[in-house]
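Reading the sequence shown from the start, the letters are residues 332 to 953 in my numbering.
Here's the structure we're looking at; comments come further down.
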Amino acid sequence: MTDLDLYYLLRQQIHKYLPAVDTSSSPWKEFLAEVNDSYQKFDVDQRTLEQSLTLSSEELVQANEEMNAVFQAIPDQLFHLGPDSRIISYKLGQSSHHYLKSKKLINQHIKDVTDIEVSEKFDISSRQVLEQCAIQHFEFIIVHEKKIYYYEVRMMPLKTKEVIVLIRDVTKRKLADEQIAFLAYHDSLTALPNNRLFKDRLQHAISQAERSEKMLAVLFLDLDRFKLINDTMGHSAGDELLKITSQRLIEAVRKTDSVAVNASGSGLNSSVARLGGDEFTILLEGIETVKTVTRIAERIVESVSQPMTLENHKVHISTSIGIAVYPADGKHADEILKYADVAMYHAKAQGRNNFQFYTSSMNKSSAELLALENNLHRAIEQSEFCLYYQPQVSVTSGQVVGMEALIRWKQSDRGFISPGVFIPVAEETGMIMQIGKWVIREACEQGMRWMKAGYKLQKISVNLSARQLKDENLPALISKILEETELPAEKLGIELTESALILDPEMALIRLLKIKELGISLSLDDFGTGYSSLSYLKRFPIDTLKIDQAFIRDVEVDHEDAALVKAIISMAHGLGMDVVAEGVEMQEQLDFLGVNGCDTIQGYLFSRPLPANEMEALLIKK
């Protein structure tokens, strides 16, 4: 009905029931107009309300849909619980809900759909929420299909004495936290305890040892020449070596449990840790005698020295071990670690691949070692090195057919420093590269000085370290020195040890072939004392084998040494190589070598190493 229809309808009704009334005159005219205005306002308000109600209904539907979408997307599960802990409504969200034992949840009591341990936590927290009108938090753990799941719960009160529960699966976060905590105390490469955890354990062990009046020992290990392997074969190979070594250390300590049981019958407690780089520590608790530690150290040295395969190459490594004992050597963790470290460096100074117990005199040795390193830097800067030359003599003619250049270091205040003392330090610090370069250049320059002076020069041999051999620029460096000094390449010889070849045979072969292309001869030094292999002799372009003096020393009285020397000479000649015997000091040794076909000798029987000016007396003028 329109507004106009209502106006006419009222007027008709008035005419019908009040025929005497004139609706066109006052006050009826005003009355009808006011009624009509009121109705129009009411009609507008009614339509506005209907539209508002329609919009509100649509918004509520949309809001409900949005709410459902949100709960489907978020990880939390939502439960609406009544005062009796029965489930009024729920939303499961996106995370796991393995704690639920039933799919039917509405109007179910929480204890009917969860394990008893979980439901008890729900009941306790629900009562606390309602009693205190405060939010409550708790966590629970379940095992589902052999996996552990962690859940976090928040419970909030409603004015209706009902409870809203939000549950979230926090397993990933918990595992991440555990991993972070593990990495904080463990080495990421080997999974062994790190320095921080080891010190904590050591401090705790000292406290226990003090109460029980027991001994404990700390072994400080360093892998010998690890950096050389890392540099030559790459960091991936180095990392693999560290992982293999860590397993060997663990196994070596475990194997000692059966032989390291103390008098009371309790087993040996041990902890292997990696401090960083190639350094490891081992804590031994509950030891009765130092002999126990000795047996363990022997087993570790033996285990670590076994060959291992890295990237299809067989590699040998060894370890130097320092040992400090509580309470004899110290009573504090840092003190014991320090003394074990000092003993380890002493083990390296003793030739590596061994172990040494700490003694008070080692502190002085460590100070001397540090001073030696500093003085070595100064020696390079101030040219304190010189070369001595030991002649190599033909067994048949007795003539000088070559010489070996040997480095000497003479300090103004201490005199000569043995190469056996400073060369290992130079190798450890990397200074051997600079020193080795100087040796090659000085030998070549001296050779040219002799040749220009009219002396007949056969050959000067220089020693090459394993660290120098791994330098890809080595052949170019030698070529440049020969060019600058004008020494003919055939006058220069290079001597290498077996250990320099076995670290990375493929790399060594490439270097040696390039050096041979220059016209330089190659000698394998100290043959028989390392990891000798006939395959090396066949593969590498070796011209000369040098028999180590250890086999020559007793060759005239020791049948085994005699047999070995004969075999080496015969094998070398069969492969087209010359043989030099080192350390010949007696006529009987020379006679034996002559009878068995040795080509050349080198040793004090003919001459000690000589400075250049004295060596000239043995050279022949052209």
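The C-beta atom is built at its ideal place from N, Cα and C for all residues, glycine as well.
Query, Result
"Can you say whether Ser589 is buried or exposed, counting buried as having 16 or more other CB atoms within 10 angstroms of its CB?", "Residue placement at Ser589 is poorly supported in this model, since its pLDDT is 36, which falls under 50; the coordinates are not used for a value here."
"What do you get for His677, buried or exposed, if any count of 16 or more other CB atoms within 10 angstroms of its CB means buried?", "buried"
"To the nearest angstrom, report how far apart Ile932 and Ala604 are at their CA atoms.", "49 Å"
"Check the DSSP bridge columns for Phe551 and list the partner residues they point to.", "Thr612, Gly653"
"For Asn526, does the three-state DSSP call read helix, strand or coil?", "helix"
"Looking only at C-alpha atoms, which of Met487, Leu795, Gly914 sits nearest to Glu462?", "Met487"
"What residues in its chain sit with their C-beta under 7 Å from that of Asp672, if we drop five residues either side in the sequence?", "Phe551, Gly653"
"When the Cα of Gly928 is compared with those of Ala893, Gln637, Gln377, which residue comes out closest?", "Ala893"
"Tell me, please, which residues DSSP counts as bridged to Glu470.", "Glu483"
"Does the distance from the C-beta atom of Leu614 to that of Ala710 stay below 8 Å?", "no"
"Measure from the alpha carbon of Leu572 to the alpha carbon of each residue in Gln637, Lys877, Tyr935, then state which is nearest.", "Gln637"
"Determine, using beta carbons only, whether Ala903 and Val910 come nearer to each other than 8 Å.", "yes"
"Quick check for students: name the residue ranges of the beta strand (DSSP E) that lie wholly in the region 782 to 820, counting only runs of 3 or more.", "791 to 794"
"For Pro836, which residues in the same chain have their Cβ closer than 6 Å to its Cβ, ignoring the five residues on either side in sequence?", "none"
"When you compare only the Cα positions, how much space is there between Phe871 and Met838?", "11 Å"
"Tell whether a beta-carbon distance below 8 Å holds between Val770 and Leu823.", "no"
"Are Glu826 and Arg798 closer than 8 Å when you measure CB to CB?", "no"
"Following the continuous beta strand (DSSP E) through Val496, name the residue where it begins and the one where it ends.", "494 to 500"
"Would you kindly check if the distance between the Cβ of Val584 and the Cβ of Val621 is under 8 Å?", "no"
"So, helix, strand or coil for Leu950, using DSSP?", "coil"
"On a Cα-Cα basis, can you pick out the residue from Val474, Glu887, Pro942, Val756 that is closest to Val915?", "Glu887"
"Could you check whether Ala943 and Gln765 sit closer than 8 Å to each other, using their CB atoms as the reference points?", "no"
"Near Thr502, which residues of its chain fall below 6 Å by C-beta distance, leaving aside the five closest residues on each side in sequence?", "Tyr480, Tyr481"
"Looking only at its chain, what residues have a beta carbon closer than 6 Å to the beta carbon of Tyr421, apart from the 5 residues adjacent to it on each side?", "Phe410, Leu436"
"Is Thr623 helix, strand or coil when you go by DSSP?", "helix"
"Only counting the same chain, and skipping five residues up and downstream in sequence, which positions put a Cβ closer than 7 Å to that of Glu642?", "Met564, Ala568"
"What is the DSSP secondary structure of Arg458, reduced to helix, strand or coil?", "helix"
"Counting C-beta neighbours from all protein chains within 10 Å, is the total for Pro722 16 or more, i.e. buried, or is it exposed?", "buried"
"For Ser433, which residues of its own chain have a beta-carbon under 8 Å away from its beta-carbon, when the five flanking residues on both sides are left out?", "Gln439, Asp443, Val444"
"Could you tell me the alpha carbon to alpha carbon distance between Pro358 and Ala364, rounded to whole angstroms?", "10 Å"
"Is it buried or exposed for Leu380, if we count other Cβ within 10 angstroms and need 16 for buried?", "exposed"
"CB Ser634 to CB Asp555, shorter than 8 Å?", "no"
"Grab me the residues of Thr587's own chain with a C-beta within less than 7 Å of its C-beta, minus the 5 sequence neighbours each way, in chain order.", "Since pLDDT at Thr587 reaches only 49, below the 50 mark, its modelled position is unreliable, and no value is offered."
"Over the uninterrupted alpha helix (DSSP H) stretch that includes Arg842, give me the two end residues.", "836 to 848"
"So the alpha helix (DSSP H) His890 belongs to, where does it begin and stop?", "890 to 905"
"Need the endpoints of the alpha helix (DSSP H) that Thr563 sits in, please.", "557 to 564"
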